[in-house]
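The structure appears below as structure tokens.
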Amino acid sequence: MQLPMEIQAMILEFLGPCWYLIVLRETRRLFKQIQNGHINRCERLNLAKELYTGRTKYQGKSYISIISNMPLKLPSLYDQQHIIPPKLNPWNIQNINHVRSNRHLDHVKVDAKVRGLIVCFRWDDPIGIYGFTGISKAFQSFVKLMKQRSPYGNDYWIYFPISNDELLTAAWIRKEKDSSAWAWPLRRLSKPLWEGTLHSGATQPNHPNRIYEYQSLVQDGDGVISGIVHDGLDPDPKRFSKRITQIGVTCDPGCQVETLAHEPQFGHYECPGIWDNRTTPTSYMTKALLEGLYKVRVCRDLEKPHRPCIGLLLYYVNEGVESLGQVHWGCDLTRNFLAPICLEKGNGDGKDYIKDALRDTSCTWLECEAGTLQKIPQHGTLVWWFGDLGNKVVIYTDPER
Numbered sequence: 001m002q003l004p005m006e007i008q009a010m011i012l013e014f015l016g017p018c019w020y021l022i023v024l025r026e027t028r029r030l031f032k033q034i035q036n037g038h039i040n041r042c043e044r045l046n047l048a049k050e051l052y053t054g055r056t057k058y059q060g061k062s063y064i065s066i067i068s069n070m071p072l073k074l075p076s077l078y079d080q081q082h083i084i085p086p087k088l089n090p091w092n093i094q095n096i097n098h099v100r101s102n103r104h105l106d107h108v109k110v111d112a113k114v115r116g117l118i119v120c121f122r123w124d125d126p127i128g129i130y131g132f133t134g135i136s137k138a139f140q141s142f143v144k145l146m147k148q149r150s151p152y153g154n155d156y157w158i159y160f161p162i163s164n165d166e167l168l169t170a171a172w173i174r175k176e177k178d179s180s181a182w183a184w185p186l187r188r189l190s191k192p193l194w195e196g197t198l199h200s201g202a203t204q205p206n207h208p209n210r211i212y213e214y215q216s217l218v219q220d221g222d223g224v225i226s227g228i229v230h231d232g233l234d235p236d237p238k239r240f241s242k243r244i245t246q247i248g249v250t251c252d253p254g255c256q257v258e259t260l261a262h263e264p265q266f267g268h269y270e271c272p273g274i275w276d277n278r279t280t281p282t283s284y285m286t287k288a289l290l291e292g293l294y295k296v297r298v299c300r301d302l303e304k305p306h307r308p309c310i311g312l313l314l315y316y317v318n319e320g321v322e323s324l325g326q327v328h329w330g331c332d333l334t335r336n337f338l339a340p341i342c343l344e345k346g347n348g349d350g351k352d353y354i355k356d357a358l359r360d361t362s363c364t365w366l367e368c369e370a371g372t373l374q375k376i377p378q379h380g381t382l383v384w385w386f387g388d389l390g391n392k393v394v395i396y397t398d399p400e401r
């Protein structure tokens, strides 16, 4: 049996102050709050509106004691916080009508603390996005959740570094023309200060009968992208699909930049051929310019028996950072060295992989001739394909391609 709201309010009037007596063990503060009166804590919160919180400090820790949708008149012993939900225009999300009926959207903030965005895939389905600020309990919880949703080890991790001076200014969703289905969201995020782009999503071999179009998520006047919203972490057990089906961006109108009006161009990079019929032809593509590269950080998966190099972090003379392949902050990232570099290739179970990354001085002419080592030039574009079919690294000498 559920008590009427009036009875619940009367009970909560006594439970609120007693919480301080039991947890904080400060009777003086308890009596002072009783004398000054306290706010009725029985309130139904609307998370779509602004929130006001009151916090009480004890032994260096802060405890939330009051939450309301209305401004609070609190004694001076409280710390007050005003929480404003992110602004979301109808065009900032793929399908606003569907999202309005969705009770749970996760908001990934992109602020000064975020060093990069992590997108996790299961096969060719995106299942999670995380704003990486460093190795933390929150990051480890995110990794654990993604592993639970990919129990067979079919997860792929793409990392998009964001340098201190970089801003995200535009985003598009690519889908087949005259179709409601989309190829995958956020096919490009633009970073103008580094003149770079963030590509995410699986890439299928080119189909001659498919025509793609792009849906822009940012318009003039929206400002820079301040976050990403998606439904991939919806905890509703009734939800059958544990993948991202709706995605959008939030913007900061207080930071205005010029919005790109033209559709994104991804270059003419040919997807690697299908080597066998055992697996899906889906592949992931990452690319980076080689001009100005001065240091490389190697990401290795030590849990696999052949301990492969699964990706690289590239550091440039202009302080920009890019990633190639998979960069997983839960793997080994202890090795780094100066450019130029070479890549050691290997093959296991009929699939090509990158065995290691080395300094160029480690490469011998005989090994290069044998095809086990590949020297990476200091000009052009390096494209790294990976997926169930293995790994392929291709060098394009024309950086405009």
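Per full-length UniProt numbering, the very first residue in the sequence shown carries number 1; after that it's consecutive. Virtual Cβ for every residue (Gly too), placed ideally from N, Cα, C.
Is DSSP giving residue i helix, strand or coil here?
i: SER141; result: helix
i: TRP123; result: coil
i: PRO90; result: helix
i: LYS109; result: strand
i: LYS147; result: helix
i: LEU389; result: coil
i: residue 404; result: An answer regarding residue 404 cannot be provided, because it is not within the stretch 1 to 401 covered by the chain.
i: GLY320; result: coil
i: LYS61; result: strand
i: GLU270; result: coil
i: PRO161; result: strand
i: ILE135; result: coil
For the ligand NAD, is there any heavy atom lying closer than 7 Å to the beta carbon of residue i?
i: VAL317; result: Of ligands this structure carries none, so the ligand NAD is not represented either.
Please classify residue i as buried or exposed, where buried requires at least 16 other C-beta atoms within 10 Å of its C-beta.
i: HIS82; result: exposed
i: VAL317; result: exposed
i: ASP111; result: exposed
i: GLU322; result: buried
i: MET70; result: exposed
i: PRO253; result: exposed
i: LEU48; result: The sequence shown places Ala at residue 48, not Leu. ALA48 comes out exposed.
i: LEU338; result: exposed
i: TYR152; result: exposed
i: SER150; result: buried
i: LYS147; result: exposed
i: GLY325; result: buried
i: CYS255; result: exposed
i: SER62; result: exposed
i: LEU217; result: buried
i: PRO126; result: buried
i: LEU167; result: buried
i: ASN391; result: buried
i: LEU45; result: exposed
Could you please give me the residues that DSSP links to residue i through a beta bridge?
i: CYS309; result: ARG300
i: LEU382; result: ALA288 and ILE395
i: CYS251; result: ILE225
i: HIS82; result: TYR52
i: LYS177; result: Answer is none; LYS177 lacks a bridge partner.
i: HIS328; result: Looking at the DSSP assignment, HIS328 forms no beta bridge with any residue, so it has no partner.
i: LYS295; result: TYR315 and LEU338
i: ASP155; result: ARG122
i: SER68; result: TYR52
i: residue 416; result: Given that the chain is displayed from residue 1 to residue 401, the structure contains no residue 416 and the question cannot be resolved.
i: HIS230; result: ASP106 and ILE247
i: LEU117; result: GLY131 and PHE160
For residue i and residue j, which I take to be in contact (beta-carbon distance under 8 Å), what is that distance rounded to the nearest angstrom?
i: VAL393; j: GLN374; result: 7 Å
i: PHE139; j: GLY128; result: Not confirmed; about 12 Å, so no contact.
i: CYS331; j: ASP360; result: Not a contact, Cβ separation roughly 24 Å.
i: ILE354; j: PRO308; result: 6 Å
i: ILE118; j: GLY248; result: Not a contact, Cβ separation roughly 18 Å.
i: LEU314; j: VAL296; result: 6 Å
i: VAL383; j: TYR294; result: Not confirmed; about 20 Å, so no contact.
i: ILE228; j: VAL108; result: 5 Å
i: THR245; j: ASP236; result: Contact doesn't hold; Cβ gap of about 13 Å is too wide.
i: PRO161; j: GLY116; result: 4 Å
i: ASP106; j: LEU233; result: 4 Å
i: GLN219; j: ILE173; result: Not quite, the Cβ-Cβ distance comes to about 14 Å (not below 8 Å), so this is no contact.
i: LEU289; j: THR169; result: The pair is not a contact, with the Cβ atoms about 19 Å apart (cut-off 8 Å).
i: TRP385; j: TYR284; result: 7 Å
i: LYS351; j: LEU389; result: 7 Å
i: ILE225; j: ALA171; result: 6 Å
Taking only beta-carbon atoms, is residue i less than 8 Å away from chain B?
i: GLN378; result: Although the question refers to chain B, the structure presented lacks it and comprises just one protein chain.
Inset, instruction - Would you list, in sequence order, the uninterrupted alpha helix (DSSP H) runs of no fewer than 4 residues that lie entirely inside the stretch 330-378? - result: 365-370
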